[in-house]
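Student: First, the structure itself, so that you have it in front of you.
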Amino acid sequence: MQDVSGKPYSLKWVVWGLVGFGLLCGLMKVSDGAGFLAILLPLLVAFGKNKTELLVYVLLATAVLTVTNGAIAPKGMVFSIAARALYLTVAGVIILQNTGRRAARFLTPLLSIFIYVGFQAMTSAQGWQPIISYLKILLFTVVFLAFWGMANAASVRDGVRPQALRSVGLVFAIYLIFGSLALIPFPSIGKMGAERAIEMGLSVESVGLFQGVTFQPQTLGPAVAMMSVILFADLLFCIRRWDKLYFALLLGAPVLIFYTSSRTAMGTWLAGMSFVTLVFMCARGVGARWKNRALGVLMALGVIGGIALFATPQTRDAVLSFVFKTGDSVLDERERSFSRMVSSRQGLMDISMENFRESPVIGNGFQVSKSLEALDIRSWGQLLSAPIEKGVWVTAVLEEGGVIGMILFVLFLIVAFWGMLSRRAYIGACVLFVLLVSNFGEFTFFSMSANGGVGWALVFTGLALDAARLRQERQAYRWMPAPRVNGAAGRVPYPAYSAGPIRAEVSYER
């Protein structure tokens with residue numbers, strides 16, 4: 014899984030990707046966001062020459078720019094309209110290109126989300142603000158299908174290079190992690206200001222928190238957690254050896270999360286890394302020698318990290334201060350409770366449950382809140398940017414879809430995880446798990462114009478890497494020497510294309 018340089022990724026692709034993204038941000042800076050239209054050029058090249066790697070780059074760039082710090086890349090109405098039009102174009106073109114083709118088997122279960130979305134489309138007619146619900150359903154559908162089509166193209170098209178896909182992912186990992194670390198000495202850009210917090214409707218507690226290259230701390234933390242999970246899973250399942258660049262990015266992730274003071278992000282990061290390790294322990298198709306060696310290193314790092322965190326009273330107090338958000342003060346042991354830890358979300362959870370009781374069977378409408386019921390709509394801008402803030406995904410889904418909606422949503426999760434894990438799409442499954450865990454802090458699962466869009470972009474990027482890995486394994490399996498039969502040697506025959514699991518255990522260690 015390496016290129017001729019001995020690297021599992023192309024440094025040339027990474028450098029050019031960073032330069033291109035920097036130029037795009039510069040054009041947006043001097044044109045108040047209108048420079049984003051320059052991304053249409055690489056999009057046309059991607060379609061004209063069937064460059065799936067370039068298509069992945071364009072979609073990831075769009076998703077990341079949506080949540081990028083306004084001081085780096087200003088965004089106006091032109092960007093908002095152009096980004097939505099780009100997603101619509103990609104979804105339409107890819108669907109037309111793949112009409113009649115068989116979709117990758119591990120991607121098909123994800124389409125079951127539209128059973129839940131379809132139910133919400135019916136019930137939103139009697140919800141708090143139907144027109145906003147329908148616009149958000151349309152946005153979710155278009156963006157989801159664009160990302161889904163991107164991953165499917167990576168799976169079914171010939172000539173998609175794993176090194177190029179991995180390089181595209183590294184471009185945005187470097188931007189989010191190293192770019193944010195570089196802004197630590199520049200608080201005027203890297204920290205949330207009071208004016209910006211008021212504009213976004215955030216609490217005063219957000220003022221002064223580190224936001225890095227994103228537009229708010231609650232975006233940076235989960236995005237870095239999901240990106241680090243992709244890197245970690247790619248390292249274990251695809252690259253299968255230690256790499257310095259990956260190691261540096263993975264070390265920078267928890268540092269950034271600590272700076273954001275986001276407990277949700279830290280919990281998401283810990284849960285994600287643990288889930289990747291668990292899946293790796295149970296994974297099929299990974300050589301025993303690499304698995305044993307990697308698990309030994311990971312166990313040693315976990316023990317060392319645990320000792321380092323709790324070795325001294327100072328570090329223990331720092332951990333408790335982070336968990337309970339007490340600043341420099343020290344809590345009495347009687348005050349260290351789970352209810353205090355979740356107190357910042359308890360109010361939103363209580364409101365969601367109160368609204369759920371008003372319509373417990375079918376809910377109150379997709380991605381709207383009761384405050385929008387009396388909204389006086391005067392412009393399209395109000396409809397496109399109607400903000401909502403809800404608690405954990407469990408109470409939010411109950412509020413929006415009622416008991417029936419919750420059943421459909423849970424069924425989607427079961428089908429999606431079973432479909433991916435049983436067909437060895439391990440990276441995508443791990444990132445979807447992290448996206449779900451991050452929604453225990455803030456419900457952004459369907460917020461495609463902000464955190465949710467980045468989350469789904471990373472889920473399908475992980476699935477594209479899975480597709481590349483499975484294709485290489487199929488090719489290696491096809492030409493694996495067969496046992497001698499009656500004194501004659503041959504090649505192992507392999508059936509027509511299938512994205513399902515390979516039954517033979519094949520190891521590709523170095």
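Going by the working numbering, the letters in the sequence shown line up with residues 14 to 523, in that order.
Heads up, the beta-carbon is just placed ideally off N, CA and C, and yes, glycines get one too.
Small disclaimer: the values here were computed from a predicted structure and weren't measured.
(1) Measure how close the beta-carbons of Phe458 and Lys403 come, nearest whole angstrom, since I'm counting them as under 8 angstroms.
(2) Starting from Phe223, follow its DSSP beta bridges and name the residues at the other end.
(3) Are the CB atoms of Ala167 and Ala480 nearer to each other than 7 angstroms?
(4) Provide the residue span of the alpha helix (DSSP H) that contains Phe430, from first to last.
(5) Bridge partners of Thr81, per DSSP?
(6) I need the DSSP call for Asp256, collapsed to helix, strand or coil.
(7) Excluding five sequence neighbours on each side, which residues of the same chain lie with their C-beta closer than 6 angstroms to the C-beta of Ala159?
(8) Compute the Euclidean distance between the alpha carbons of Phe228 and Thr136, then round it to the nearest angstrom.
(9) Can you tell me where the alpha helix (DSSP H) holding Ala524 begins and where it ends?
(10) Grab me the residues of Val289's own chain with a C-beta within less than 7 angstroms of its C-beta, minus the 5 sequence neighbours each way, in chain order.
(11) Would you tell me roughly how many angstroms separate the C-alpha atoms of Tyr129 and Ile427, rounded to the nearest one?
(12) Would you kindly check if the distance between the Cβ of Ile270 and the Cβ of Val220 is under 7 angstroms?
(13) Determine, using beta carbons only, whether Ile440 and Leu478 come nearer to each other than 7 angstroms.
(14) Under DSSP, the alpha helix (DSSP H) around Ser168 begins and ends at which residues?
(15) Spatial neighbours of Ser342 within its chain, please: CB distance less than 6 angstroms, with the 5 preceding and 5 following residues excluded, ordered by chain position.
(16) Around the C-beta of Leu314, are 16 or more other C-beta atoms found within 10 angstroms, so that it is buried, or is it exposed?
(17) Which of the three DSSP states, helix, strand or coil, is assigned to Gln133?
(18) Which residues in the same chain as Met433 place their Cβ atom closer than 6 angstroms to its Cβ, once the five residues preceding and following it in sequence are excluded?
(19) Answer yes if the segment 46-56 comes into contact with the segment 77-90, meaning at least three C-beta pairs across the two stretches below 8 angstroms, and no otherwise.
(20) Just curious, the alpha helix (DSSP H) that Gln176 is in, first and last residue?
(21) When DSSP labels each residue in this structure, what does Leu314 get in the three-state scheme?
(22) I think Thr474 touches Gly182, with their Cβ atoms under 8 angstroms apart; what is that distance to the nearest whole Å?
(23) What are the boundary residues of the alpha helix (DSSP H) that includes Arg276?
(24) Report, in whole angstroms, the separation of the C-beta atoms of Glu413 and Gly378, which I expect to be a contact under 8 angstroms.
(25) Pull up the distance between the alpha-carbon of Trp161 and that of Thr75, whole angstroms please.
(26) Would a C-beta distance cut-off of 7 angstroms place Leu385 and Gln133 closer than the cut-off?
(27) Kindly provide the ranges of any alpha helix (DSSP H) runs that are 4 or more residues long and lie completely inside the segment 39-105, ordered along the chain.
(28) With distances taken Cα to Cα, identify the nearest neighbour of Ser372 among Gln488, Cys251, Val416, Gln380.
(29) Look up Thr457 in the DSSP assignment and say whether it is helix, strand or coil.
(30) If we ignore side chains and look at the alpha-carbon of each, how far apart do Gly360 and Met366 end up?
(31) What residue from Met461, Gln488, Arg487 has the CA that sits closest to Ile150's CA?
(32) Under a Cβ-count criterion, where at least 16 other Cβ atoms within 10 Å of its own Cβ denotes burial, should Met286 be classed as buried or exposed?
(33) Taking a contact to mean a Cβ-Cβ separation below 7 angstroms, would you say Ala189 touches Met239 in this structure?
(34) Within 10 Å of its beta-carbon, does Ala204 have 16 or more other beta-carbons around it, so buried, or fewer, so exposed?
(35) Can Asn82 and Val226 be called in contact, C-beta distance under 7 angstroms?
Tutor: According to the structure shown:
(1) On the sequence shown, position 445 is the one that residue 458 refers to. On the sequence shown, position 390 is the one that residue 403 refers to. Their Cβ separation, rounded to whole angstroms, is 10 angstroms, which puts Phe458 and Lys403 out of contact at 8 angstroms.
(2) Looking up residue 223 in the sequence shown gives position 210. In DSSP, Phe223 forms a bridge with Lys204.
(3) The residue given as residue 167 occupies position 154 in the sequence shown. The residue given as residue 480 occupies position 467 in the sequence shown. Result yes, Cβ atoms of Ala167 and Ala480 sit closer than 7 angstroms.
(4) Translated into positions along the sequence shown, residue 430 becomes position 417. Unbroken alpha helix (DSSP H) run through Phe430: 406-435.
(5) Taking the first residue of the sequence shown as 1, we reach residue 81 at position 68. According to DSSP, which records beta bridges pairwise, Thr81 is partnered with Thr227.
(6) On the sequence shown, position 243 is the one that residue 256 refers to. Three-state result, Asp256: coil.
(7) The residue labelled residue 159 in the question sits at position 146 within the sequence shown. For Ala159, where only same-chain residues beyond five positions count, the Cβ hits under 6 angstroms are Tyr100, Val103, Ala104.
(8) The residue you call residue 228 lines up with position 215 of the sequence shown. The residue you call residue 136 lines up with position 123 of the sequence shown. Rounded to whole angstroms, Phe228 to Thr136 spans 33 angstroms at the Cα level.
(9) As shown, the chain starts at 14 and ends at 523. That puts residue 524 outside it, with no answer to give.
(10) By 1-based counting over the sequence shown, the position of residue 289 is 276. Result list for Val289: Val242, Phe245, Ala246, Leu249, Cys443, in chain order.
(11) Along the sequence shown, read from residue 1 onward, the residue named residue 129 stands at position 116. Along the sequence shown, read from residue 1 onward, the residue named residue 427 stands at position 414. Distance between the alpha carbons of Tyr129 and Ile427 is about 13 angstroms.
(12) Here residue 220 refers to the residue found at position 207 when the sequence shown is read from its first residue. Here residue 270 refers to the residue found at position 257 when the sequence shown is read from its first residue. Taking 7 angstroms as the Cβ cut-off, Val220 and Ile270 do not qualify as a contacting pair.
(13) Within the sequence shown, the letter at position 427 stands for residue 440. Within the sequence shown, the letter at position 465 stands for residue 478. Yes, the Cβ-Cβ distance between Ile440 and Leu478 is below 7 angstroms.
(14) Against the sequence shown, residue 168 aligns to sequence position 155. First-last of the alpha helix (DSSP H) with Ser168: 143-169.
(15) Position 329 of the sequence shown holds residue 342. The pLDDT assigned to Ser342 is 48, lower than 50, so where the model puts this residue is not dependable; a value taken from the coordinates is nonetheless given after this. So no residue of the chain qualifies.
(16) The residue labelled residue 314 in the question sits at position 301 within the sequence shown. Label assigned to Leu314: exposed.
(17) In the sequence shown, the residue the question calls residue 133 occupies position 120. Of the three classes helix, strand and coil, the one that applies to Gln133 here is helix, per DSSP.
(18) Sequence index remark: in the sequence shown, residue 433 carries index 420 (1-based). For Met433, where only same-chain residues beyond five positions count, the Cβ hits under 6 angstroms are Phe119, Gly441, Ala442.
(19) yes
(20) Locating residue 176 in the sequence shown gives position 163, where the first residue counts as 1. Its alpha helix (DSSP H) spans residues 175-186.
(21) The residue given as residue 314 occupies position 301 in the sequence shown. Of the three classes helix, strand and coil, the one that applies to Leu314 here is helix, per DSSP.
(22) If you number the sequence shown from 1, residue 474 lands on position 461. If you number the sequence shown from 1, residue 182 lands on position 169. The pair is a contact, with the Cβ atoms about 6 angstroms apart (cut-off 8 angstroms).
(23) Along the sequence shown, read from residue 1 onward, the residue named residue 276 stands at position 263. Segment 276-295, the alpha helix (DSSP H) holding Arg276.
(24) Position 400 of the sequence shown holds residue 413. Position 365 of the sequence shown holds residue 378. Sure, about 6 angstroms apart at Cβ, within 8 angstroms.
(25) Here residue 161 corresponds to residue number 148 of the sequence shown, with the count starting at 1. Here residue 75 corresponds to residue number 62 of the sequence shown, with the count starting at 1. Each residue's Cα considered, the two are about 15 angstroms apart.
(26) By 1-based counting over the sequence shown, the position of residue 385 is 372. By 1-based counting over the sequence shown, the position of residue 133 is 120. Taking 7 angstroms as the Cβ cut-off, Leu385 and Gln133 do not qualify as a contacting pair.
(27) 53-61, 65-79
(28) Numbered from its first residue, the sequence shown carries residue 372 at position 359. Residue Val416 is the option with its Cα nearest to Ser372.
(29) One-based indexing of the sequence shown puts residue 457 at position 444. Coil, per DSSP.
(30) In the sequence shown, the residue the question calls residue 360 occupies position 347. In the sequence shown, the residue the question calls residue 366 occupies position 353. Going from the Cα of Gly360 to the Cα of Met366 covers about 10 angstroms.
(31) What you label residue 150 is simply residue 137 of the sequence shown in a count that begins at 1. Nearest of Met461, Gln488, Arg487 to Ile150, Cα basis: Met461.
(32) Counting from one through the sequence shown, the residue named residue 286 turns up at place 273. By the 10 Å Cβ count, Met286 comes out buried.
(33) Here residue 189 corresponds to residue number 176 of the sequence shown, with the count starting at 1. Here residue 239 corresponds to residue number 226 of the sequence shown, with the count starting at 1. Checking the sequence shown, residue 189 turns out to be Leu, not Ala. Going by C-beta atoms, Leu189 is not nearer than 7 angstroms to Met239.
(34) As a first step, residue 204 must be located in the sequence shown, where it is residue number 191. Residue identity differs from the one stated: residue 204 is Lys in this sequence, not Ala. Buried, since its Cβ has 16 or more Cβ neighbours within 10 Å.
(35) Here residue 82 refers to the residue found at position 69 of the sequence shown. Here residue 226 refers to the residue found at position 213 of the sequence shown. It is a contact, given that the beta carbons lie within the stated cut-off.
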